[in-house]
Amino acid sequence: MERLNSNGGAHINSAYDPTLDEPPVYDNNPSNEEHRTVRPSVISAFGHDTLDRLPHIDFYRNAGSVSGHRAVRPSLQELHDVFQKNGQISVPETVKDDDETSDGTPSDDLESAILPEKGGVKFGWIRGVLVRCMLNIWGVMLFIRLSWIFGQAGWGLGIVVIALSCVVTTITGLSMSAICTNGVVRGGGAYYLISRSLGPEFGGSIGLIFAFANAVAVAMYVVGFAETVVDLLKEHSAIMVDEINDIRIIGCITVVLLLGISVAGMEWEAKAQIALLVILLVAIVNVFVGTAIPATESKKSQGFFNYNSKIFMENFTPAFRNGESFFSVFAIFFPAATGILAGANISGDLRDAQAAIPKGTLLAILITGVTYVGVALVVSATVVRDATGNITDLITTGIPCNGSAVAACELGYNFSSCTENAESSCMFGLMNNFQVMTMVSGFGPLIIAGTFSATLSSALASLVSAPKVFQALCKDNIYTALHFFAKGYGKNNEPIRGYVLTFIISVAFILIGNLNTIAPIISNFFLASYALINFSCFHASYAKSPGWRPAYRFYNMWLSLLGALLCCVVMFVINWWAALLTYGIEILLYVYVTVKKPDVNWGSSTQAVTFVSAVSNSLSLSGVEDHVKNFRPQILALTGSARSRPALLDLAHSFTKNYGLCLTCEVFVGPRSEVLEEMNAGMETNQQWLRKTKRKAFYAAVACENFRQGTESLLQASGLGRMKPNILMIGFKRNWRTASTEEMQDYVGILHDAFDFEYGTVMLRMNEGLNVSHINEAEDEMLKAAKEQEALDNEMNGGKSKGLFKKSRKSSKQVLMTRVSVCNPPPPQVAKMNERLLEASAQFKKKQPKGTLDVWWMFDDGGLTLLLPYILTTRKKWKDCKLRIFIAGQPGRSDLDKQEMKSLLHKFRITCSDINVIDDIHIQPRSESLKKLDDMIEPFRLHEGSKDTAQAEDMKKAHPWKITDEELSSFEEKTNLQVRLNELLQEHSKSANLIIVSMPIARKGVSDLLYMTWLDVLTKDLPPTLLIRGNHKSVLTFYS
């Protein structure tokens, strides 16, 4: 509860030396090493020296930056107090990061993103993003399936298919651009963007499946390449074993070669991508050139007639066959549009990711979209849907010419047999020939080369993306078992271990052979990533956090939400079971990360929205009147530091759990200048301890000259709206007889204040006591000494701890701990008391054994004395404890009183095991009990009754706090009642797990010492006892 004096907080800003006493001396002499170096910019800007610093980027770097140093500005406390101190002020320009808190990896600061290790390769927006995205989006679909899609859907709906795909990817690109430009982007691509926006739960789940999808995509692209090679081998009768095994052999060899390029370094991989892009561009140009070359008779028989408006108009309308529909055709095409994250996935290797990712990605979407539409349109304008490939199928007089290729009839060819005969084997035309591009092109082998380029470039991009994303995920240590893969090698921090894992996964899926089943799952994994990127942008915008300031302005939060919904819809359009599987895996990983609670804080929008929701809900709640049915205990517990009185905190936590507010409060007593630093340093420490020990409570502290004033501030100002305490919980002051008068007045005054502010009041007494702060301090000192000794041993061993040295260090630590605990051991009696105190302090943390909760409901206080023990019985730790109710009754009508109480409890729907009516409370206490009372209060009595009036008045003025004979006589009955109650408690409740008794109220005229006597006599020599007094407003009701 109370902390006297400050010994200085645990946190000391290295920029300030509080031990210096002289007035501040400012000296620009660089030879004087004891004086700080003054920035010339500070002097030139203001004309004189000052401790204030000009705004500079170095002040905003995170700890753990690549350089190992960051600039530190003077704290507000230092600037505020500087002229009250005497001496020179030493403010270092930089502060070195603490090695103990660093894991060896750079933090999320600007430096770690734009200051690469010397010699590292960094790419611009063209090579790093534009080229990669175009290569990944231009896939085999361009050469093998695009003509079939436009044959089925017609170029009218075909353009809609491409446009819809581009809409989804463009919205995602806009959202990604906004997120990328809202701070420095490090390696990790989609995982980094989502995790830093939505938090580790979403980021960790999507990061793992995204990395896995990229690894399997390597296998898918390589198998596509191998199938094309095997088709060529089959044409030339050069099959090695059989088709499936040839695909496996060629696939494995290809992956090994691609792995070699990747491991060789990003520079080699980038060169390979440029070469593949050149081949692909030549193949695309080859298609456009081929459409302008006059068609041969052979090509005409296969449906190619050069540009013709009739063919173009005939191919405008859809002609779905074989059960195909718009959505099935869209599902086949859409995977071709994925690949927009290829540049973002290597964000750590970009020279300026903030500028490169938006520019390169959006331009790649535009170029590839236009290319898809352009190639499709020129093919739709030159090739009919069906053709026989027979040059003799010319127009013959008397034979009707109709069907799907009416335009071909007008051009002299009769392909009507393709539609008239259901069993016809027309192998050519947009609908039948997947190799239309090869036929149309000017030089067929270039299309095969383009197909090879498209598959290999996509495979290479995925082979690079998967390890990079996986490495970023492992570095964040969200999945501790995967931290092994976080290590990078070489000047570019290459994830060699990740490459090997990706290689193993891809080879495994290549050997499986059939990837038709896994392909839709991969597409859904990518789409899930797109959906979360869009949702991240919406979520961050919706939270309206001041930290959301993207430099890229061309986005809209509702458009991003639409993009997220579109991605989810497309997932089900492509494959409904794969979509459900994707969601299932993501939810499982999300739950896993949520349960594990990784110790990271990235300032996610989830935190911002939680804050906004909390404020909104609090405001909504404040507009609703309190109702007795919704009453719940909200406790302000005067525990001191969070660790000081664990029994008090545990019991308070049992009342509130997750359903009510619990504040654990501390008052730092002393001059504010002395205690403020310690209080500020302990704020986060205490809250972290509460979180670590899973106590759902908040820590609050105030600094004040007087303990009562500090508590009064807490009672008046704690809470927010309706979320404010309504119960004060305090420990019984065991040392009240030896405490100073001021301490006594403060303690009882706090109880008076609680009653004045209409707080319910709960007081806990345990025979062993509550305060374990002296034990905590001894443990902290011992641990501190052990760390110092360990550091000394490390220094003596040259900073290494291997082999025998490690054993030696461990032994020295044991020796030190033994020395600390044995050289100055506490007396046996004190040690025994401490042991009992610790055991009692943990009593309410454990599951309670079978027993009773004895409720002595003497006075109607609104029902709080009954409600709190009932709440305890609903908790898991207390479920084996039964309620027993004790009430005062009049002699001769015990049965009637018992029946009335039973009826009342029934209406309250509160079950108890027994109701006891005590009808002998009014009798005189035993003489030995009264003798103990007299002995207790004897030192505090004034004994003015035997003196004359003048002397009595003088004695009252000299000792106003003492108990007068007049007061003792006036309150004799109430005093005897407390003594009698204690006798009854000893008789009936000595074996109870917890006793709950109505707290006596002292009128303001009752002396503090007499009131403490009542409390002491009432609860003396009993099991743990709670004194409860409600604020006399109903907290129970039997109305619905």
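Numbering of the sequence shown is given in our numbering, commencing with residue 10 and proceeding in unit increments. The beta-carbon is built from N, C-alpha and C at its ideal position, and this holds for glycine as well. Note that the structure is a prediction, hence the values are computed from the model and not measured.
Judged by DSSP in its simplified three-state form, Val149 adopts coil rather than helix or strand. Under DSSP, the beta-bridge partners assigned to Trp865 are Phe895 and Val1006. Your pair Ser467 and Gly352 does not check out as a contact, with CB atoms roughly 14 Å apart and the cut at 8 Å.
Remark: C-beta atoms of Leu372 and Gly137 do not approach each other more closely than 8 Å.
Cβ neighbours of Ile171 within its own chain (closer than 6 Å, five residues either side excluded): Tyr381 and Val382. When secondary structure is reduced to three states using DSSP, Phe1047 falls in the coil class, being assigned neither helix nor strand. Using a Cβ-Cβ distance cut-off of 8 Å, the region 906-916 and the region 967-980 are not in contact, since fewer than three pairs of beta carbons, one from each stretch, lie closer than that value.
The three-state secondary structure of Ala273, taken from DSSP, is coil.
In the three-state scheme derived from DSSP, where H, G and I count as helix and E and B as strand, Thr874 is classed as helix. Distance between Ser471 and Ser310, taken at the CA atoms: about 40 Å. Close CB contacts of Asp906 within its chain, under the 6 Å cut and outside five residues either way in sequence, are with Gly898 and Val926 (chain order). Where Val711 is concerned, the enclosing beta strand (DSSP E) starts and stops at Phe707 to Cys713. Residue state for Cys261 is assigned as helix, using DSSP reduced to three classes. At a Cβ-Cβ threshold of 8 Å, Leu670 and Gly728 count as neighbours. The continuous alpha helix (DSSP H) containing Leu990 extends over residues Glu981 to His997. Three or more Cβ pairs drawn from the region 1019-1026 and the region 740-749 lie within less than 8 Å of each other, which places the two stretches in contact.
Rounded to the nearest whole angstrom, the CA to CA distance from Thr619 to Ala187 is 22 Å. Apart from sequence neighbours up to five positions away, the residues of its chain that approach Ala281 with a beta-carbon distance below 7 Å are Ile270 and Leu469, ordered along the chain.
Between the region 983-995 and the region 710-721, the count of C-beta pairs closer than 8 Å stays below three; the two stretches do not touch. Looking at the DSSP output, Leu1035 shares a beta bridge with Leu773 and Ile1005. For Cys921, the secondary structure class from DSSP, reduced to helix, strand or coil, is coil. Around the beta carbon of Ala959, a 10 Å sphere encloses fewer than 16 other beta carbons of the protein chains shown; the residue is thus reported as exposed. The beta carbon of Phe949 is closer than 7 Å to those of Lys971, Ile972 and Leu1018 in its chain, skipping five residues each way along the sequence. Short of 7 Å from the beta carbon of Gly954, and not among the five residues preceding or following it, lie these beta carbons of its own chain, in chain order: Asp974. Annotated three-state conformation of Leu60 is coil, per DSSP. A contact between stretches requires three or more CB pairs, one per stretch, nearer than 8 Å, and the region 646-665 fails this requirement with the region 623-630. Going by DSSP, Phe677 is part of the beta strand (DSSP E) stretching over Cys671 to Val678. At a Cβ-Cβ threshold of 8 Å, Tyr561 and Cys546 do not count as neighbours.
In this structure Phe443 touches Ile153 by the C-beta definition: roughly 5 Å separates them, less than 8 Å. Pro454 is the residue among Gly612, Leu63, Pro454 and Ala346 whose C-alpha sits nearest the C-alpha of Val291. Taking C-beta atoms under 8 Å as the contact rule, Leu289 and Ala463 qualify, at a distance of about 6 Å. Distance between Pro1032 and Asp863, taken at the CA atoms: about 11 Å. In the DSSP assignment, Ala646 falls within the beta strand (DSSP E) that extends over Ile644 to Leu647. Looking only at Gln995, Thr883, His952 and Ala961, the smallest Cα-Cα distance to Ser938 is reached by Gln995. When rounded, the separation of the alpha-carbon atoms in Lys1029 and Ala840 is 23 Å.
The DSSP-derived three-state label of Gly740 is strand.
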